[in-house]
Every structure is written in C-alpha cells, then in structure tokens.
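Per the numbering used here, the very first residue in the sequence shown carries number 282; after that it's consecutive. Note that CB positions come from ideal geometry on N, CA and C, so glycine has one too. This one's a predicted model, so the numbers in the text were calculated from it and none came from an experiment.
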Amino acid sequence: MKTIDLMLRRHPRGEFQHTSDYVDALDALESCAATCTACADACLGEPEHLDRLRRCISTNLDCADVCNAAARVLTRQTETPNELVHAQLHACILACQLCAEECERHADMHDHCRVCAETCRHCQERCNFLLGEISSSGMADASAPDESPAMS
282 MKTIDLMLRR HPRGEFQHTS DYVDALDALE SCAATCTACA DACLGEPEHL
332 DRLRRCISTN LDCADVCNAA ARVLTRQTET PNELVHAQLH ACILACQLCA
382 EECERHADMH DHCRVCAETC RHCQERCNFL LGEISSSGMA DASAPDESPA
432 MS
C-alpha cells in the first residue's frame with residue numbers, strides 16, 4: 282500500500298471517500314510534476330536547440346507547478362472547499378494538455394519530450410476521470426466556475 286493511501290485511510294475526518302482513483306490521481310500529479318521538471322532540465326541541457334525549446338521549458342515548469350499545487354490541495358482533507366479541488370483539477374487538465382502538445386512537437390528529436398508528453402497525457406486522463414468521479418458523487422459541480430472570485 283502506498284504511503285499516501287495509508288495516510289488518507291487514517292485521516293481523522295470521516296468525510297474522505299477513499300477511492301483508488303483518488304490515490305491514482307495524486308500519484309499521476311506527483312509523477313507529472315517531477316517529469317516536467319526533469320524535462321525542462323533536459324531541455325536546458327540541449328544548448329544547440331535551446332532557442333527552439335524555450336517555450337517547452339516554460340510550459341514544463343508551469344505544468345510542474347500546477348501539478349504540485351493540485352497534489353497538495355487534493356491531499357488536504359480538512360476544510361478544503363470542493364470548489365477549490367474542482368478548480369485545481371481543471372487547471373491541471375489544461376496545464377497537462379498544453380505541456381503535452383508542446384512536448385509532442387519535439388518528441389521525434391528529444392526522447393525526454395516524448396516521455397514527458399506521455400506522462401502529461403496520463404495525468405490529464407487521471408484528473409479528468411477524478412473530476413468526473415467527484416462531480417458524480419456530488420462533491421463538486423461538473424462545470425467550471427462561472428466567474429473568478431473578485432480580487433481586493
């Protein structure tokens with residue numbers, strides 16, 4: 282059993298509806314964040330192609346940060362608003378899609394981009410699946426938030 286699985290099962294709040302899909306999504310988010318960071322670093326190690334890879338590096342780092350944030354929010358089970366979980370999953374789905382598309386442009390020439398694109402697609406799939414599961418359980422509305430909260 283994975284450590285995060287154990288922690289979630291032992292959480293003192295009885296509200297957590299533990300599913301293997303939830304843990305799978307957390308694993309995919311953490312794997313995607315690490316893979317995107319490694320891909321950005323590998324792109325930096327390609328000095329002869331650096332100009333071509335700038336957008337890839339930036340997209341990788343954005344995706345890694347979004348996945349890390351989502352994993353941290355999804356790990357918390359006490360008083361985390363369902364709307365925030367919902368928004369984080371939507372952000373991950375978009376970040377993974379954009380990163381996968383960018384990495385796929387370089388996949389024939391850079392194997393690390395191929396691996397990263399595959400990892401992003403897997404994470405996107407797991408987040409989509411979890412979003413559907415959460416929405417059908419009534420934890421969060423299936424549509425994106427209508428508007429952003431007002432900034433003060």
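Taking buried to mean at least 16 other C-beta atoms within 10 Å of its own C-beta, is Glu329 buried or exposed?
exposed
Residues in the same chain with beta-carbon distance under 6 Å from Leu370, minus the five sequence neighbours each way, listed in chain order, please.
Cys408, Leu412
Excluding five sequence neighbours on each side, which residues of the same chain lie with their C-beta closer than 7 Å to the C-beta of Glu311?
Residues of the same chain with a CB within less than 7 Å of the CB of Glu311, apart from the 5 flanking positions on each side, are Ala352 in chain order.
I need the DSSP call for Asp308, collapsed to helix, strand or coil.
helix
Cβ-based burial, Glu382 [other Cβ within 10 Å; buried from 16]
exposed
Taking only the alpha-carbon atoms, compute the straight-line gap between Arg333 and Ala376 and give it to the nearest angstrom.
Straight through space, the alpha carbons of Ala376 and Arg333 are spaced by roughly 20 Å.
From Asp302 to Phe410, what distance separates their C-alpha atoms?
8 Å
Using the C-alpha atoms, what's the distance from Leu325 back to Thr316?
14 Å
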